[in-house]
């Protein structure tokens with residue numbers, strides 16, 4: 026049991042919208058082991074991104090339990106969750122979410138600075154080198170293409186060598202060539218650091234690169250299979 | 056740890072430049088500049104008064120006596136202390152040329168005058184030459200206004216009392232003029248010796264004598280002041296020295312600037328609304344960055360500090376710009392200000408008022424940005440995935456509320472401490488807070504009402520869109536009503552107070568006030584004077600009374616100041632009269648009047664209202680010093696005295712035998728038909744040249760003139776407030792520009808014409824402007840009523856022209872600001888707008 030990274034039991038998410046409460050996730054139970062990669066697929070509105078948010082502590086489950094590396098995310102306050110992410114997680118977003126007033130290097134160094142690493146900038150430079158953007162270290166997000174921005178985001182997520190890597194449709198805003206390059210980088214880095222990866226995607230082809238694929242429908246797990254079976 | 060990191064993040068965020076902060080900076084800078092400029096002008100005047108203290112005073116020290124000259128003994132004391140002494144007499148008189156006459160403030164000087172400074176004349180001749188006798192006619196110099204009024208030219212002859220003078224020159228500059236205080240007539244300067252036999256300075260006449268001393272180097276002024284007060288104790292002596300050469304002017308300047316700074320603080324509060332709006336909209340744009348930082352593991356305190364430091368740096372920048380402007384503008388305008396101010400000034404950069412203004416600015420920025428900054432707490436990382444931003448207004452956490460209340464307390468404390476009037480400060484800041492609360496409630500009410508109305512306006516799309524927009528865009532309606540409303544409230548309050556004050560002075564008084572005050576009527580002239588007027592059908596009423604001036608020195612044998620504190624009755628010399636019988640219209644409120652033939656120990660009838668304020672009771676003894684002689688009497692009655700009608704009113708009346716020995720003159724008021732006034736004056740002046748006539752209407756005009764100046768100064772302050780309000784309004788319009796562009800694009804897509812959309816935009820702006828103006832009018836009227844009733848103690852009526860101007864101004868301002876930004880929205884092509892939105 027010690028190599029369990031995620032353990033979700035009957036996890037539920039209910040959000041209060043203008044038209045009243047909406048149930049997004051219903052009784053999700055799921056276990057993810059260390060070093061495993063999981064692909065989350067399903068149609069739009071199925072709850073893929075919401076499940077990723079719950080696993081990343083960006084959203085707190087309103088029912089059930091969510092254990093991440095043995096810690097109960099549902100019992101933590103906002104700051105405790107932030108610290109947990111800082112120390113254990115790297116997240117890649119579909120829309121990159123780079124901070125526009127920071128250079129590529131500063132963006133990558135930010136989580137390292139937040140964690141109090143003295144060598145934040147050296148490590149950030151290395152991370153940029155790894156994604157092939159050493160020459161763009163001093164550039165601002167607005168001066169880079171979408172693919173380049175996502176590579177910086179990837180460097181930012183992996184620079185602290187997190188135990189967990191969460192990616193929410195990281196190629197959704199990119200063309201196919203750039204998307205493919207990003208996915209290669211993502212899996213290489215994940216292999217390099219031995220991180221546990223949870224990837225949300227629309228694409229079956231991308232999902233099959235993961236060890237296990239979980240399909241969601243209407244906020245419920247509709248099926249889980251090893252990627253070999255998909256292939 | 057998080058402070059260093061937050062500073063680093065803040066610095067990076069500042070790379071975004073000042074985009075979105077121009078309004079923020081303008082609001083702060085304008086408010087701070089206005090306060091710093093007022094403070095700098097005050098400091099320049101104070102520095103000028105200090106530098107020229109001795110010159111303004113006309114010596115190192117001045118001893119002033121009322122209605123008498125110093126005795127030989129007193130002169131001897133002064134000679135012993137000083138290296139030089141100059142004696143002058145100051146009084147009102149009539150300058151007469153043929154049938155024409157005009158009131159003048161005469162200064163009769165000796166040859167030592169002026170001890171310091173020079174009197175500048177045109178033609179440029181020495182004063183001694185100008186005043187010297189030629190062909191047995193002494194010389195005189197006059198101010199231009201009086202020369203013009205009497206149509207004189209240099210060399211012409213005029214009379215003061217029975218003495219003729221030759222006009223030798225015009226006074227260009229009188230070094231000791233600023234210390235003289237409020238004068239009812241322009242100045243004439245003559246030699247005192249020339250007045251012998253003119254009948255103008257006889258015992259009992261109303262004049263002040265002033266003795267200016269030049270003190271030896273290193274003289275201990277404090278010790279000398281003490282010695283003078285001991286030597287002249289009970290003689291009604293007033294002491295002044297060069298350290299505060301013009302206390303009246305200094306006090307006036309201090310009070311006026313304190314008031315203007317409070318008006319400036321109102322402006323800063325209006326700016327604060329803009330500052331708050333700017334920070335809110337900036338942080339709304341930063342939501343994604345904040346959420347990203349959260350996702351990367353930043354805690355709430357790091358994020359709060361990041362933006363707190365950033366806004367702090369920007370606040371410092373705004374305040375610095377304001378301080379620099381406030382320091383430099385008065386210097387740049389100094390040639391104009393120096394020419395317009397009748398007192399010496401020394402323009403320079405004065406740190407104290409700049410620090411004061413800077414602190415006000417920083418505190419205001421803190422107060423108005425803390426709550427928006429506290430909202431960073433509520434941005435969650437989940438915002439990156441979905442719209443998890445809870446934009447609803449909610450109170451921030453308790454520590455933020457405590458910090459805000461503490462900052463307001465510090466601001467109020469600072470304002471009260473700096474301007475010295477807690478009363479005025481609390482009134483002003485209470486008014487601002489009250490207006491803000493009222494406007495916030497009104498903004499909320501307007502939105503609810505608009506929302507409800509929009510449902511009832513189906514079939515009238517322009518109205519319905521306008522109402523829906525007002526009811527829906529919470530930020531827009533709130534910002535407009537608050538910013539414009541607060542600016543207009545200040546202007547409305549100033550308008551209402553000013554209007555009521557003018558009405559009280561210029562509107563009400565003349566109807567019941569007499570035409571003329573005659574003073575210095577000698578005992579042997581009063582019968583003839585009365586006869587002339589009684590036989591005149593144009594005269595409806597004459598009131599005459601013996602007039603002495605005395606200083607109330609003791610109450611129940613204790614120093615009066617100890618008993619009555621700083622009550623105005625004991626602060627200087629007061630009119631005293633005697634009468635055998637009470638005035639037929641007098642109302643005795645307590646006690647009984649003395650018998651008509653009473654000759655026993657002195658008895659006093661005291662003004663009832665003032666007696667109550669001073670804590671006096673029947674049987675109390677009062678000692679009054681009249682022309683150097685102490686007269687002690689017992690209060691045996693109180694009577695109602697109305698000082699508000701400009702008629703004759705005395706604080707203190709005694710039985711005739713108590714004052715029989717004291718030399719005195721008579722004072723008289725005459726109520727006459729306006730068309731006969733000139734003839735009465737000519738007749739009386741011809742028969743009694745020593746009598747001085749003061750036309751009540753002229754005196755009121757003069758007071759009204761001073762008030763007009765005050766109102767103008769206040770209006771400039773209020774205008775700065777309104778300008779800030781307008782800036783905030785533009786900011787609110789700019790913030791809503793994107794939403795309007797999108798709305799216009801949507802409406803066009805659905806088939807609305809540009810004209811229709813424009814009409815709806817104008818309607819929306821006009822309705823909001825009307826609402827802001829109406830609420831401002833309510834707040835301003837309440838403020839005006841409170842100040843008129845409780846501070847000025849005058850009657851209050853709504854001044855409608857000013858009120859209507861406020862509402863019209865509100866509508867015009869919002870429509871202008873709205874139209875400025877509506878053009879772009881109307882011109883944009885729907886496809887582009889909608890595509891950019893996707």
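Protein chains in written order, with the numbering used here: chain A, 26 to 256; chain B, 56 to 893.
Idealized CB from N, CA, C, for every residue including glycine.
Quick one: what does DSSP say residue i is sitting in, helix, strand or coil?
i: residue 585/B; result: helix
i: residue 51/A; result: strand
i: residue 633/B; result: strand
i: residue 653/B; result: coil
i: residue 143/B; result: strand
i: residue 122/B; result: coil
i: residue 436/B; result: helix
i: residue 776/B; result: helix
i: residue 658/B; result: strand
Just how far apart, CA to CA, sit residue i and residue j?
i: residue 73/B; j: residue 195/A; result: 33 Å
i: residue 164/A; j: residue 202/A; result: 23 Å
i: residue 342/B; j: residue 850/B; result: 54 Å
i: residue 565/B; j: residue 191/B; result: Because residue 565/B sits at a pLDDT of 46, beneath the cut-off of 50, its placement in the model cannot be relied upon, and the point is left open.
i: residue 388/B; j: residue 101/B; result: 17 Å
i: residue 213/A; j: residue 245/A; result: 30 Å
i: residue 225/B; j: residue 196/B; result: 6 Å
i: residue 156/B; j: residue 632/B; result: 29 Å
i: residue 600/B; j: residue 710/B; result: 13 Å
i: residue 403/B; j: residue 93/B; result: 13 Å
i: residue 139/A; j: residue 59/A; result: 25 Å
i: residue 675/B; j: residue 774/B; result: 52 Å
i: residue 643/B; j: residue 584/B; result: 29 Å
i: residue 61/B; j: residue 68/B; result: 10 Å
i: residue 581/B; j: residue 147/B; result: 19 Å
i: residue 611/B; j: residue 670/B; result: 12 Å
i: residue 198/A; j: residue 222/A; result: 20 Å
i: residue 238/A; j: residue 249/A; result: 6 Å
i: residue 31/A; j: residue 230/A; result: 24 Å
i: residue 52/A; j: residue 40/A; result: 15 Å
i: residue 75/A; j: residue 97/A; result: 18 Å
Would you mind reading off the limits of the alpha helix (DSSP H) that contains residue i?
i: residue 863/B; result: 855 to 882
i: residue 114/A; result: It is not in any alpha helix (DSSP H) - residue 114/A instead sits in the beta strand (DSSP E) that spans 114 to 117.
i: residue 168/B; result: Counting along the chain, residue 168/B falls outside any alpha helix (DSSP H), and DSSP gives it neither H nor E.
i: residue 477/B; result: 477 to 511
i: residue 277/B; result: 276 to 286
i: residue 73/A; result: 73 to 80
i: residue 817/B; result: 809 to 841
i: residue 132/A; result: 129 to 139
i: residue 266/A; result: Residue 266/A lies beyond the stretch modelled for chain A, which goes from 26 to 256, so this question has no answer here.
i: residue 151/A; result: 145 to 155
Would you kindly report the start and end of the unbroken beta strand (DSSP E) that includes residue i?
i: residue 601/B; result: 594 to 610
What residues in the stretch 90 to 101 of chain A bring their beta carbon closer than 9 Å to a beta carbon of chain B? Residues passing the 9 Å Cβ filter: none.
To test your reading of the DSSP string, which unbroken alpha helix (DSSP H) runs of 4 or more residues are found completely within the stretch 686 to 755 of chain B? Qualifying alpha helix (DSSP H) stretches, in chain order: 711 to 714 and 732 to 742.
Enumerate, from N- to C-terminal direction, the unbroken alpha helix (DSSP H) stretches of 4 or more residues contained entirely within the stretch 366 to 433 of chain B. Runs found: 389 to 395 and 406 to 429.
Taking beta-carbon pairs under 9 Å, can you tell me which members of the stretch 344 to 356 of chain B lie near chain A? Here the close residues are 344, 346, 347, 348, 349, 350, 351, 352, 353, 354, 355 and 356.
Complete alpha helix (DSSP H) runs within the stretch 193 to 247 of chain A (minimum length 4 residues, chain order): If we require 4 residues or more, the alpha helix (DSSP H) runs fully inside the stretch 193 to 247 of chain A come out as 201 to 218 and 229 to 232.
Mind pulling the alpha helix (DSSP H) runs of 4 or more residues that sit fully within the stretch 64 to 98 of chain B? Counting only runs of 4 or more, we get nothing.
At 4 residues or longer, what runs of the alpha helix (DSSP H) sit wholly inside the stretch 159 to 224 of chain B? Here the runs fully enclosed are 182 to 186 and 199 to 205.
What are the residues of the stretch 138 to 157 of chain A that lie near chain B, defined by any Cβ-Cβ distance shorter than 9 Å? If the cut-off is 9 Å between Cβ atoms, the stretch 138 to 157 of chain A has 138, 139, 140 and 141 near chain B.
Below 7 Å between beta carbons is the criterion; list the residues of the stretch 33 to 63 of chain A that meet it against any residue of chain B, in chain order. Against chain B - using a Cβ distance shorter than 7 Å - the stretch 33 to 63 of chain A contributes no residues.
Selection of the stretch 178 to 192 of chain A by Cβ proximity to chain B, strictly under 8 Å: Listed in sequence order: 181.
Under 7 Å (Cβ pairs) to chain B, residues found in the stretch 67 to 85 of chain A: Result list: 74, 78, 83 and 84.
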